[in-house]
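Asks: If you count the sequence shown from 1, you need to add 29 to reach this note's numbering.
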Amino acid sequence: MQYTPPTTKDLADLKKELGMTGKQLAELFGIAGDHQWRKYTGGNAPRPMAPQMLFFAMARLELDGETIERVLQRMRRVGATIDLTGEPDFLVQGGEPQL
Numbered sequence: 030m031q032y033t034p035p036t037t038k039d040l041a042d043l044k045k046e047l048g049m050t051g052k053q054l055a056e057l058f059g060i061a062g063d064h065q066w067r068k069y070t071g072g073n074a075p076r077p078m079a080p081q082m083l084f085f086a087m088a089r090l091e092l093d094g095e096t097i098e099r100v101l102q103r104m105r106r107v108g109a110t111i112d113l114t115g116e117p118d119f120l121v122q123g124g125e126p127q128l
């Protein structure tokens with residue numbers, strides 16, 4: 030796999046496009062909080078975003094709830110424990126992102 034992570038500008042543009050706070054983006058990307066989000070978007074040496082992390086967030090924006098649940102069930106079948114309850118209201122409902 031070849032992958033180049035988004036730049037800090039790319040992530041700032043995404044934040045603006047979605048109209049989300051750092052806290053909301055942290056939740057979308059599955060990280061602890063806005064303080065963790067800032068590690069990817071600023072400072073002298075921002076962290077590069079792993080492809081899995083970016084894929085997770087973009088899947089949550091683009092896939093419908095049924096498809097996401099099917100993937101989560103598959104994860105559970107291989108032994109994972111995962112619960113995305115309390116998801117933000119910007120996630121896909123009826124096939125369209127709710128931004």
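Just so it is clear, CB atoms sit at the ideal spot from N, CA and C, and this is done for glycine as well. Bear in mind that the values here come from a model prediction, so they are computed numbers and not experimental data.
Measure the alpha-carbon distance for L40 versus A61 and round it to whole angstroms.
Replies: To locate residue 40, count along the sequence shown from 1; it is residue 11. To locate residue 61, count along the sequence shown from 1; it is residue 32. Cα to Cα, the separation comes out at about 17 Å.
Asks: Just confirm the distance between the C-beta atoms of I97 and R89, as a whole number of angstroms; I'd bet it's less than 8 Å.
Replies: Residue mapping note: residue 97 aligns to position 68 of the sequence shown, counting from 1. Residue mapping note: residue 89 aligns to position 60 of the sequence shown, counting from 1. Contact flag correct, Cβ pair sits at about 7 Å.
Asks: Does DSSP classify M104 as helix, strand or coil?
Replies: Here residue 104 refers to the residue found at position 75 of the sequence shown. Looking at M104 - three-state DSSP - the assignment turns out to be helix.
Asks: So what's G51 in DSSP terms, helix, strand or just coil?
Replies: Indexing the sequence shown from 1 puts residue 51 at position 22. DSSP places G51 in helix when its eight states are reduced to three.
Asks: Excluding sequence positions up to five away, which residues of its chain have a Cβ less than 7 Å from the Cβ of Y69?
Replies: Here residue 69 corresponds to residue number 40 of the sequence shown, with the count starting at 1. Within the same chain, Y69 has close Cβ partners L40, P75, R76 and M78.
Asks: Cα separation between I111 and V100?
Replies: The residue given as residue 111 occupies position 82 in the sequence shown. The residue given as residue 100 occupies position 71 in the sequence shown. Going by the C-alpha atoms only, they are around 11 Å apart.
Asks: R67 to G51, Cα distance in whole Å?
Replies: Along the sequence shown, read from residue 1 onward, the residue named residue 67 stands at position 38. Along the sequence shown, read from residue 1 onward, the residue named residue 51 stands at position 22. Their Cα atoms are separated by approximately 8 Å.
Asks: Thinking C-beta only, is T37 closer than 8 Å to G71?
Replies: Taking the sequence shown and counting its residues from 1, one reaches residue 71 at position 42. Taking the sequence shown and counting its residues from 1, one reaches residue 37 at position 8. Cβ distance < 8 Å, so G71 and T37 count as in contact.
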